[in-house]
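Structure, as structure tokens:
There are 2 protein chains.
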Amino acid sequence: MGRAENTRQRLQEEAIRLFFERGFDGVTVEEVAAAAGVSHMTFFRHFPTKESVVLDDPYDPILGEAVARQDPDLPALERIRRGVLDAWETVDDPGDAMTRQKIELAASHPSLRARVWENNRRTEEVLIRALTETGTPRFEATIAAGAVMGALTAALFDWAERRDDTLGGMVTSAMELLDAMGASR
Amino acid sequence: MGRAENTRQRLQEEAIRLFFERGFDGVTVEEVAAAAGVSHMTFFRHFPTKESVVLDDPYDPILGEAVARQDPDLPALERIRRGVLDAWETVDDPGDAMTRQKIELAASHPSLRARVWENNRRTEEVLIRALTETGTPRFEATIAAGAVMGALTAALFDWAERRDDTLGGMVTSAMELLDAMGASR
DNA sequence: TACGGGCATGTTAGTCACTAACATTCTTGA
DNA sequence: TCAAGAATGTTAGTGACTAACATGCCCGTA
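Heads up: the sequence lines are chains A and B, in that order.
Numbering-wise (my numbering), the first sequence opens with residue 556 and increments by one.
Numbering-wise (my numbering), the second sequence opens with residue 556 and increments by one.
See the structure below:
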């Protein structure tokens, strides 16, 4: 691990620790940088915004590939739904303490939640591309991607507040519910 | 219209005009305030953030009531879907120029999009309440609300970029698509 | 009409996220 | 060992937003 990588990791750990202790607004970037033993400029060289030190998860490519892998004859919503479940199994243990803390933090503060949605936008674009490249009309792909990401994110924030299930269990039951919802017509 | 109301409206009109001319980042709050003939403090007394001068639409209660009105025996997703369509008809002409400009602006800039999502959160809570009060389990209501708002917002941003339909037409076909998606199992 | 109280606004002086420009110190390969 | 080049530091900003306090304006009432 190079010097930069090491600094980056220290910044992230100290940031999350401090945000948990005193809240996101209760800690300045200066303080995070000081705790990691660097100046505030170094913080911003590693993370473009204060929020991004909490939210830096690059799931997108895995998700896109998993969706692209589904049977093209299935409806769009179903392909994304199955892709999400497949991708979930691929990822190496997202149930660790650090990830849980990040999700809790993200759910706890407006400006962090807002960034989560902005990240989702990138993910939605990946999903839309995976679908349209296999024949789904663009608008349909857009709606399906929005619906799944909306449901998933709502579930994630709900989970962060209540935590009465594992992360994986929550994702699975969210997708199952979404599946069952359409079944009544 | 009182003095305050008048100031507020001037601020909003000047803000949207300037944001369109020079971009959201190309205009400072100072400049918006100056254009409206007030100081920057007055701006912040009327709008809590720079973003909120663009995003101040209180649809939520109408939507909540429309959803609550639907047949409780229908599945959650379907009740929200129908509620959205009903509420759309209730609202007095949301297809006017100002609204269109606001949506275009909102779609055009990351920090504005982020606020849209944060507003959606309030709307989702209203939807969840309307559903749970008529017997839908909480988690199911959460997923359904997230899915519909996710689909709707994705459609809205897509529309802002392409504008090859009316707003109302887009909302209707988005809801129809969402409806048709579940139909295949 | 004068006045008094409350509401809308102004002034000033901050804090904090974030950026640009330039200087300094490590680190690494030839 | 000695340059690059990478990583970091320093300094001086800009701009969103806040707190505290001062001023001006509009209203009903005496």
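Just so you know, even glycine gets a beta-carbon here, dropped at the ideal spot from N, CA and C.
Assigned secondary structure, residue i (DSSP; H/G/I helix, E/B strand, else coil)
| i | result |
| --- | --- |
| Arg740(B) | In this prediction, Arg740(B) scores a pLDDT of 44, lower than 50, which makes its location untrustworthy; the coordinate-derived value is nonetheless stated afterwards. Here Arg740(B) sits in coil by DSSP. |
| Phe579(B) | coil |
| Gln564(B) | helix |
| Gln625(A) | coil |
| Leu584(A) | Per the sequence shown, residue 584(A) should be read as Val rather than Leu. Three-state DSSP puts Val584(A) in a helix. |
| Val593(A) | coil |
| Asp713(A) | helix |
| Phe602(A) | coil |
| Glu731(A) | helix |
| Arg718(B) | coil |
| Gly557(A) | coil |
| Asp611(A) | coil |
| Pro616(B) | helix |
| Val703(B) | helix |
Closest Cα partner of residue i within the set the options
| i | options | result |
| --- | --- | --- |
| Tyr614(A) | Thr562(A), Leu573(A) and Arg676(A) | Arg676(A) |
| Leu618(A) | Arg600(A), Glu716(A), Met725(A) and Ala700(A) | Ala700(A) |
| Pro665(B) | Ala735(B), His595(B), Asp580(B) and Arg624(B) | Asp580(B) |
| Ser607(B) | Leu632(B), Asp641(B), Arg668(B) and Ala591(B) | Arg668(B) |
| Ala662(B) | Thr727(B), Arg718(B) and Pro692(B) | Arg718(B) |
| Thr697(A) | Val639(B), Leu732(B) and Val582(B) | Leu732(B) |
| Val609(A) | Leu660(A), Ala706(A) and Glu560(A) | Leu660(A) |
| Val582(A) | Ala652(A), Ala685(A), Lys605(A) and Val646(A) | Lys605(A) |
| Met704(B) | Arg565(B), Glu633(B), Gly578(B) and Glu560(B) | Glu633(B) |
| Asp734(A) | Glu585(A), Pro616(A), Leu629(A) and Leu722(A) | Leu629(A) |
| Val587(B) | Ala621(B), Gly724(B), Val622(B) and Leu566(B) | Leu566(B) |
| Leu722(A) | Glu644(A), Ala590(A), Pro627(A) and Gly578(A) | Glu644(A) |
| Ala621(B) | Asp720(B), Leu686(B) and Trp672(B) | Leu686(B) |
| Arg690(B) | Ala623(B), Gly724(B) and Ala591(B) | Per the sequence shown, residue 690(B) should be read as Gly rather than Arg. Nearest option by C-alpha distance: Ala623(B). |
| Thr654(B) | Ala702(B), Ala589(B), Asp612(B) and Ala559(B) | Asp612(B) |
| Glu576(A) | Ala702(A), Arg693(A) and Gln656(A) | Gln656(A) |
Test: residue i CB closer than 9 Å to a CB of chain A
| i | result |
| --- | --- |
| Ser739(B) | Reliability of the predicted coordinates at Ser739(B) is poor, the pLDDT of 49 falling under 50, and the value obtained from them is presented with this limitation in mind. By this cut-off, Ser739(B) is an interface position. |
| Asp713(B) | yes |
| Glu673(B) | yes |
| Ser728(B) | yes |
| Glu695(B) | yes |
| Ala702(B) | yes |
| Ala631(B) | yes |
| Pro613(B) | no |
| Arg670(B) | yes |
| Ile698(B) | yes |
Any chain B beta carbon closer than 9 Å to residue i
| i | result |
| --- | --- |
| Val593(A) | no |
| Ile658(A) | no |
| Arg677(A) | no |
| Ala709(A) | yes |
| Pro616(A) | no |
| Leu519(A) | Nothing can be reported for residue 519(A), as the shown portion of chain A is limited to 556 through 740. |
Alpha helix (DSSP H) runs contained entirely in the stretch 638 to 697 of chain B, provided each spans 4 or more residues = 652 to 663 and 665 to 687
For the 8 Å Cβ check, are there 3 or more pairs between the stretch 578 to 597 of chain A and the stretch 677 to 695 of chain A?
Taking one beta carbon from each stretch, the stretch 578 to 597 of chain A and the stretch 677 to 695 of chain A have fewer than 3 pairs nearer than 8 Å; the two do not touch.
*asked:* Pairs of beta-carbons, one from the stretch 568 to 578 of chain B and one from the stretch 703 to 717 of chain A, closer than 8 Å: are there three or more?
replied: no
If we count Cβ pairs, one from each stretch, closer than 8 Å, do we get three or more for the stretch 721 to 729 of chain A versus the stretch 633 to 650 of chain A?
-> yes
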